[in-house]
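Protein chains: 2
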Amino acid sequence: MEELKAYFNGISVLSDSTWDKIVPLFNERRIKRKDYFVREHELAREIAFLKTGVVRAYFTNEEGKEYNKQFFVGSTIIGAYTSLLTGKSNIIAQQALTDCVVYACKYKSLTDLYDTHPDLERFARKIAEHYFLEKEKKEIEIVLLDATERYSIFKNEFPTLEQLIPQLHIASYLGISATQLSRIRKELISQ
Amino acid sequence: MEELKAYFNGISVLSDSTWDKIVPLFNERRIKRKDYFVREHELAREIAFLKTGVVRAYFTNEEGKEYNKQFFVGSTIIGAYTSLLTGKSNIIAQQALTDCVVYACKYKSLTDLYDTHPDLERFARKIAEHYFLEKEKKEIEIVLLDATERYSIFKNEFPTLEQLIPQLHIASYLGISATQLSRIRKELISQ
DNA sequence: TTCATTTCTTTACCTATGTAAAGAGTTTTA
DNA sequence: TAAAACTCTTTACATAGGTAAAGAAATGAA
């Protein structure tokens, strides 16, 4: 649980009394490669701290094609944030790409503490602001940069991931086909 | 100031004592068409409630090309959120596309109240969560839909805007050239 | 270890969209 | 109100990236 505490306090420091309340809410769980933390078409109820492993968040369009929205590499928080916030059915599945260890927690047990623990609500505010900043960065990258440049950013941001997961997941994350990623890689190597 | 109160309370209800504190922080100001609420390369300090008018948020790449990230149509909140949150120099300018009336407020005078007014910090949390949801929606649209479909969504979302602002701003919002928007419009009309 | 499955690359062909330039039509503004 | 500055559309051509299919290579399972 130390990694979780360090990660959380890095975002917004929580008081000892708040920690005493929330530590027991988190339970360790293992997720095997290819298993799901949260699926499509269900109500998300949990948030988790990803201690080790790699998770992808993706959505599937009507034709069944997948688009990888995000990769999570421990230590970080995972969970179907949009479904948790809106209470609507989830459209973005989160699947383990390697075996994972997480500390999972009912989201509602946390939000129930906001009234009595303003430091936890402050933490939630900072998390939301943080996610907003991440999204804005990605939005600008998608519109401003071509696939070759986004591939470079991906390699900087996730230096270990390229060896760990199939190319097709990386292509899907970059918003291009595996064919096109193959062309880009060929082009980069030839230089 | 009634529109502001109604809009804010719609997001998260604020107590009377909090309203007494924050109402005097907002000052009415007029922004002429083509003038800026916030520019690139400056530190953002203000947030505002857009009472009437249309504002665009855009960024400019190294070659000087502009991309319209967002349109704001009153009543709504404007401000260079990313610069306010990070304290870094702003990269996304906000410019009036029509004459506007805003109630402006120093962002810091609001955040200074978080410690003593948890209902205001709750409001800030909900705003951040709301912005996150908006971005996620747009991210999915950009990746999943082609320009013709995004144009339909734009027309639904901003039914009045098409007559009010130049096509080139709409094209830039859709992430395409004015040439391509012209082709799409021609195609839609021919059906 | 071998067979089946998955992954990666290549090829051929197609399409959406980009750029540049030019002309017609509209607004501004001096 | 005349000239200047925008705006919109069209054309011609270029290109990034899509799809489908097939073979090679790598990985996983029996």
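For the record, the sequence lines run as chains G and P.
Quick note: the first sequence, position 105, residue 1059 per our numbering, numbers continuous.
Quick note: the second sequence, position 130, residue 1084 per our numbering, numbers continuous.
All residues carry an ideal CB built from backbone N, CA and C; glycine is no exception.
Taking 7 Å as the threshold (C-beta atoms), are residue j and residue i in contact?
i	j	result
A1078 (chain G)	N1044 (chain G)	no
V1008 (chain G)	Q1048 (chain G)	no
Y1021 (chain P)	S1126 (chain P)	yes
Y1057 (chain P)	L958 (chain P)	yes
S1023 (chain G)	A1011 (chain G)	As written in the sequence, residue 1023 (chain G) is Lys, which differs from the Ser given in the question. Result yes, Cβ atoms of K1023 (chain G) and A1011 (chain G) sit closer than 7 Å.
T1102 (chain P)	I1124 (chain P)	no
D1152 (chain G)	R987 (chain G)	This structure cannot settle anything about residue 1152 (chain G), because the visible part of chain G is limited to 955 through 1145.
F1013 (chain P)	I985 (chain P)	no
F1086 (chain G)	F1086 (chain P)	yes
Give me the Cβ distance between residue i and residue j, rounded to the nearest whole Å; I'm assuming they're in contact under 8 Å.
i	j	result
I1032 (chain G)	A1002 (chain G)	5 Å
L968 (chain G)	D1069 (chain G)	At roughly 16 Å, the Cβ-Cβ gap does not stay under 8 Å, so L968 (chain G) and D1069 (chain G) are not in contact.
K1005 (chain G)	V1055 (chain G)	4 Å
N1015 (chain G)	L1098 (chain P)	6 Å
I1096 (chain G)	I1096 (chain P)	6 Å
K1042 (chain P)	E1000 (chain P)	Actually they are not in contact, since the Cβ atoms of K1042 (chain P) and E1000 (chain P) sit about 16 Å apart, beyond 8 Å.
L1067 (chain P)	K975 (chain P)	6 Å
Apply the 10 Å Cβ neighbour rule to residue i and answer buried if 16 or more other Cβ atoms are within range, or exposed otherwise.
i	result
A960 (chain P)	exposed
L1038 (chain G)	buried
K1109 (chain P)	exposed
E1088 (chain G)	exposed
E1075 (chain P)	buried
L1051 (chain P)	buried
E1141 (chain G)	exposed
E1111 (chain G)	exposed
E942 (chain P)	The requested residue 942 (chain P) is not part of the displayed model; chain P covers only 955 to 1145.
For the stretch 1124-1134 of chain G against the stretch 976-985 of chain P, do three or more pairs of beta-carbon atoms, one drawn from each stretch, fall closer than 8 Å, so that the two count as touching?
Result no; under three Cβ-Cβ pairs closer than 8 Å.
Worksheet item: Can you list, in chain order, the residues of the stretch 1052-1079 of chain P whose Cβ is nearer than 9 Å to any Cβ on chain G?
Response: Residues Y1068, D1069, P1072, E1075, R1076, A1078 and R1079.
- Message: Could you check whether the stretch 1100-1118 of chain P touches the stretch 1027-1041 of chain G, counting it as contact only if at least three pairs of C-beta atoms, one from each stretch, sit closer than 8 Å?
- Response: Fewer than three beta-carbon pairs drawn from the stretch 1100-1118 of chain P and the stretch 1027-1041 of chain G are found closer than 8 Å, and the two stretches are therefore not classed as touching.
* To do: Give, in chain order, every residue of the stretch 988-1005 of chain P whose Cβ lies closer than 7 Å to some Cβ of chain G.
  => Hits within the stretch: zero.
Answer yes if the stretch 1081-1099 of chain P comes into contact with the stretch 1077-1092 of chain G, meaning at least three C-beta pairs across the two stretches below 8 Å, and no otherwise. Touching, yes, given that three or more Cβ pairs across the two stretches are closer than 8 Å.
Discussion item. Any C-beta of chain P within less than 8 Å: which residues of the stretch 1090-1114 of chain G qualify?
Written reply: Considering only beta carbons, the part of the stretch 1090-1114 of chain G lying closer than 8 Å to chain P consists of E1090, K1092, E1093, I1094, I1096, V1097 and L1098, in chain order.
task = Determine which residues of the stretch 1020-1053 of chain P have a Cβ less than 9 Å from any Cβ of chain G, and write them out in chain order.
result = Listed by position along the chain: Y1021, K1023, Y1035, T1036, L1039, T1040, I1045 and I1046.
### Query
Which residues, in order along the stretch 1005-1016 of chain P, keep a beta-carbon less than 8 Å from a beta-carbon of chain G?
Closer than 8 Å at the C-beta level to chain G, one finds these residues of the stretch 1005-1016 of chain P: F1013 and N1015.
Legend entry - Residues within the stretch 1121-1135 of chain G neighbouring chain P, beta-carbon criterion of under 7 Å: Listed in sequence order: G1129.
Fill in: Within 7 Å of chain P by C-beta, residues of the stretch 960-988 of chain G in sequence order
So nothing in the stretch comes that close.
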